[in-house]
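Reviewing the structure listed below.
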Amino acid sequence: MAGDAILELRGVSKRFGSHAAVTGLNLGVERGEFFSLLGPSGCGKTTTLRMIAGFETPDEGEIRLNGSRIEALPPYRRSVNTVFQNYALFPHLTVRGNVEFGLRRMGRTGVDAQVRMVLDQVQLADKASRMPSELSGGERQRVALARALALEPDVLLLDEPLSALDPQLRKQVRTELKDLQKRVGVTFLFITHDQEEALSISDRIAVMNRGAVEQVGTPEEVYRRPKTRFVASFLGAMNWIGGVGLRPEALRISREVDARSRRGVVAGSVFLGSMVHVEMRLENGETCTAQIPHDAAMFRTGESVHVCWNEADELRLPE
Amino acid sequence: MRRLRRLFLAPGAVLLVLTLVAPLAIVCVYSLMTRGAYGGVERPFTLENYTRFWDPLYGAILWRSCWIAAVATALCLVLAFPLALFIARSGSRKNLYLSLVILPFWTSFLIRTYAWMFLLRDTGLINTVLQAVGVIHEPLPMLYNNGAVILGLVYGFLPFMVLPLYATLERMDPSLAEASADLGARPLQTLWRVTLPLCAPGIRAGSILVFVPCLGTYLTSDLLGGSKTILIGNLVQNQFTSARDWPFGAAASLALMAVAMVLLLAARRQGEEML
Numbered sequence: 005m006a007g008d009a010i011l012e013l014r015g016v017s018k019r020f021g022s023h024a025a026v027t028g029l030n031l032g033v034e035r036g037e038f039f040s041l042l043g044p045s046g047c048g049k050t051t052t053l054r055m056i057a058g059f060e061t062p063d064e065g066e067i068r069l070n071g072s073r074i075e076a077l078p079p080y081r082r083s084v085n086t087v088f089q090n091y092a093l094f095p096h097l098t099v100r101g102n103v104e105f106g107l108r109r110m111g112r113t114g115v116d117a118q119v120r121m122v123l124d125q126v127q128l129a130d131k132a133s134r135m136p137s138e139l140s141g142g143e144r145q146r147v148a149l150a151r152a153l154a155l156e157p158d159v160l161l162l163d164e165p166l167s168a169l170d171p172q173l174r175k176q177v178r179t180e181l182k183d184l185q186k187r188v189g190v191t192f193l194f195i196t197h198d199q200e201e202a203l204s205i206s207d208r209i210a211v212m213n214r215g216a217v218e219q220v221g222t223p224e225e226v227y228r229r230p231k232t233r234f235v236a237s238f239l240g241a242m243n244w245i246g247g248v249g250l251r252p253e254a255l256r257i258s259r260e261v262d263a264r265s266r267r268g269v270v271a272g273s274v275f276l277g278s279m280v281h282v283e284m285r286l287e288n289g290e291t292c293t294a295q296i297p298h299d300a301a302m303f304r305t306g307e308s309v310h311v312c313w314n315e316a317d318e319l320r321l322p323e
Numbered sequence: 087m088r089r090l091r092r093l094f095l096a097p098g099a100v101l102l103v104l105t106l107v108a109p110l111a112i113v114c115v116y117s118l119m120t121r122g123a124y125g126g127v128e129r130p131f132t133l134e135n136y137t138r139f140w141d142p143l144y145g146a147i148l149w150r151s152c153w154i155a156a157v158a159t160a161l162c163l164v165l166a167f168p169l170a171l172f173i174a175r176s177g178s179r180k181n182l183y184l185s186l187v188i189l190p191f192w193t194s195f196l197i198r199t200y201a202w203m204f205l206l207r208d209t210g211l212i213n214t215v216l217q218a219v220g221v222i223h224e225p226l227p228m229l230y231n232n233g234a235v236i237l238g239l240v241y242g243f244l245p246f247m248v249l250p251l252y253a254t255l256e257r258m259d260p261s262l263a264e265a266s267a268d269l270g271a272r273p274l275q276t277l278w279r280v281t282l283p284l285c286a287p288g289i290r291a292g293s294i295l296v297f298v299p300c301l302g303t304y305l306t307s308d309l310l311g312g313s314k315t316i317l318i319g320n321l322v323q324n325q326f327t328s329a330r331d332w333p334f335g336a337a338a339s340l341a342l343m344a345v346a347m348v349l350l351l352a353a354r355r356q357g358e359e360m361l
């Protein structure tokens, strides 16, 4: 593990009754990075975040923040702050009241200046006197961010903060979030089940499955060199041809036999603008999808073809 | 559609007119008439029944009714809030606890008030036991005073405070309390800064539900307060029974209604300001 880990989890486990939510989880987040926890719902990523925030206590293992153990501290003694999935803005307080809440509770000085600064950072300075109910979804999300950033936490925890926004806004906010993180330099621990979101926004990603981390790496590493079948399938479409994993974009379609190819029949195609997805049924009954440029040679449904690929693109993964 | 609506509203409207509007009109008319020799009312019409309220005796009764109702409401609030919070956070046992809160309603209020008399009186359970153990030698005067009336009211109306408080607390998003802790608030600060303010509608509803009946109570004050603690409810009752002064009783009950209405409107206005 790198020496500059700001947040470390070692052997963390949490059970709820007979359900093991998190089992022996290890994780290291480095100072200043945008780190994502990616996994399907029920994989334990939210429980992990809640243990880091202090809303749940681990049954086993330790959590270190800046080298000191925090797993037994109550939330109000931890230098981490959370952006909640539903934002959890205080409905009885104005935007300013929400943002200064933490500063007042912690007895900080220079509250007004700090509130102004973080509201500027999220471009909400003109909405300081509004109530949360008078704001749009995107604005509420920014208030939640400002409120959590106001205390200058060591780590900012974000629990699927984009899931409540409509799809068009999500992509825009995603970029803004990344820019904000670079600007303020705070370590972000971002939770999501959306692989595209994680790939586009993160410095590093930990892919979680069934309560444990399966792989940690940069977006390119986890996408191009997945270590398990689960990681490979979860991070994007995957074809399994004879037990070998191949991304759709690694497949070519040809009328000629190649060094590495299979014979098949075109079952259908989907036009996606710049790309075409061609589905094929192979001789042994397996199906696969190739993603090819729209201006490549056209193939009719029912046509007999060869699916080809390069050895370098093969992913040989344990079951 | 319109006709259907009227059809459905009709039974309720008829009931309201017969049981509320008409009697209220009768009370209004009575309050402006002169008392008959053997009860009932006679002409001429007069405002004298209202001017009698300037008598300090009646002012004191009205004032006592108000402060006793206010103290009872405040005590209900202090007792009910932790209870409601506890029930709202007890997961699957919520319904059990709620039915326990409502359980006293299965017995008549009159009987339960009598039970308090048996507990509190000089030869009652508490005094007998304390004397038997030798803690006291003279019975404690626990019955027939303001304290006994307040006790009886708090006991009787506590569920009316618990239920609306529970309803608002139960609806509250648990992540708000988590957000508060996350931002550095200790549990008591969270209670004071987040939970209580968000509970304001429940506090208001519960306070009205407790204060208004407490203001007009006559049974509790009659049984537990004796002759020393006359409240406006007892005054009204007396005028229609032993005193046989129906017009003054009518005027007193309208005065009670007026006080309750003014306080209700004030509470509502404050509620609107908070929103």
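Chains as they are written, first to last, in the numbering used here: chain A, 5 to 323; chain B, 87 to 361. From the three backbone atoms N, C-alpha and C, an ideal C-beta is built for every residue, glycine too.
Please confirm whether residue i has its beta-carbon closer than 8 Å to some beta-carbon of chain B.
i	result
asparagine 90 of chain A	yes
arginine 100 of chain A	no
alanine 6 of chain A	Low confidence applies here, because alanine 6 of chain A scores a pLDDT of 47, under 50, leaving its location unreliable and the question unanswered by this model.
proline 79 of chain A	yes
threonine 52 of chain A	no
histidine 23 of chain A	no
arginine 144 of chain A	no
leucine 155 of chain A	yes
histidine 96 of chain A	yes
arginine 134 of chain A	no
arginine 86 of chain A	A small correction: the amino acid at residue 86 of chain A is threonine; arginine does not occupy that position in the sequence shown. Output row for threonine 86 of chain A: interface = yes.
arginine 19 of chain A	no
arginine 35 of chain A	no
arginine 4 of chain A	There is no way to answer for residue 4 of chain A, as the model of chain A reaches only from 5 to 323.
arginine 151 of chain A	yes
Measure the Cβ-Cβ separation of residue i and residue j and say whether it is below 8 Å.
i	j	result
glycine 205 of chain B	isoleucine 212 of chain B	For the sequence presented, residue 205 of chain B should be read as leucine rather than glycine. For leucine 205 of chain B and isoleucine 212 of chain B, yes; Cβs fall inside 8 Å.
leucine 11 of chain A	isoleucine 56 of chain A	yes
histidine 298 of chain A	valine 280 of chain A	yes
phenylalanine 195 of chain B	leucine 305 of chain B	yes
glycine 114 of chain A	glycine 65 of chain A	no
lysine 49 of chain A	isoleucine 195 of chain A	yes
glycine 288 of chain B	alanine 253 of chain B	yes
leucine 251 of chain B	alanine 166 of chain B	yes
glutamine 118 of chain A	leucine 107 of chain A	yes
threonine 293 of chain A	valine 309 of chain A	no
valine 270 of chain A	glycine 240 of chain A	no
aspartate 163 of chain A	leucine 77 of chain A	no
leucine 269 of chain B	arginine 120 of chain A	no
Considering only residues of the same chain and omitting the five flanking positions on each side of residue i, which have a CB-CB separation below 7 Å?
i	result
proline 79 of chain A	Ala57, Gly58, Phe59
tyrosine 124 of chain B	Arg330
proline 157 of chain A	Ser83, Val84, Asn85, Val190
lysine 314 of chain B	Tyr230, Asn231
tyrosine 183 of chain B	Ile173, Ser176
alanine 234 of chain B	Leu206, Met228, Leu310, Gly311
alanine 152 of chain A	Asn85, Thr86, Val87, Leu160
Residues in its own chain within less than 6 Å of residue i by CB, not counting five upstream and five downstream?
i	result
tyrosine 116 of chain B	Val127, Trp332, Pro333, Ala336
leucine 321 of chain B	Ile147, Ala338
leucine 161 of chain B	Val240
lysine 231 of chain A	Gln219
leucine 361 of chain B	Here the model assigns leucine 361 of chain B a pLDDT of 47, short of 50, so the residue's position is not dependable, and the following value carries that caveat. Answer for leucine 361 of chain B: no residue qualifies.
alanine 170 of chain B	Val248, Leu251, Tyr252, Leu255
Smallest Cα separation from residue i: which of the options?
i	options	result
serine 273 of chain A	A:Arg285, A:Ala168, A:Arg266	A:Arg285
alanine 265 of chain B	B:Pro250, B:Thr281, B:Pro227	B:Thr281
proline 245 of chain B	B:Phe191, B:Phe326, B:Asp308, B:Asn181	B:Phe191
aspartate 170 of chain A	A:Val270, A:Ser140, A:Leu149	A:Ser140
Compute the minimum distance between the beta carbon of residue i and the heavy atoms of the ligand ATP, and state whether it is under 7 Å.
i	result
glycine 221 of chain A	No copy of the ligand ATP occurs in the structure displayed, which carries no ligand at all.
Looking only at its own chain, which residues have a Cβ that is under 8 Å from the Cβ of residue i, when we skip the five neighbours before and after it?
i	result
alanine 6 of chain A	Here alanine 6 of chain A scores only 47 on pLDDT, less than 50, and its place in the model is too uncertain to base an answer on.
leucine 133 of chain B	Leu118
proline 322 of chain A	Thr232, Arg233
leucine 340 of chain B	Val113, Cys114, Ser117
Quick one: is residue i near chain A, going by C-beta distance under 8 Å?
i	result
threonine 254 of chain B	no
aspartate 331 of chain B	no
aspartate 259 of chain B	yes
inquiry  = Which residues of the segment 106-126 of chain A have a Cβ closer than 8 Å to any Cβ of chain B? Give them in chain order.
reply    = Gly106, Arg109, Met110
message = Using a Cβ-Cβ cutoff of 8 Å, what residues of the segment 56-72 of chain A are near chain B? List them in chain order.
response = Ala57, Gly58, Phe59
key: the segment 262-278 of chain B: positions lying closer than 8 Å to chain A by Cβ   = Leu262, Glu264, Ala265, Ser266, Ala267, Asp268, Leu269, Gly270, Ala271, Arg272, Gln275
task = Could you run through the segment 165-187 of chain B and flag, in chain order, every residue whose CB is less than 8 Å away from some CB of chain A?
result = none
key: Contacting positions in the segment 281-314 of chain B - beta carbon closer than 9 Å to chain C   = Within the model displayed, chain C is absent; protein chains A and B are what it includes.
query = Of the residues that make up the segment 256-288 of chain A, which ones have a beta carbon closer than 7 Å to any beta carbon in chain B?
reply = none
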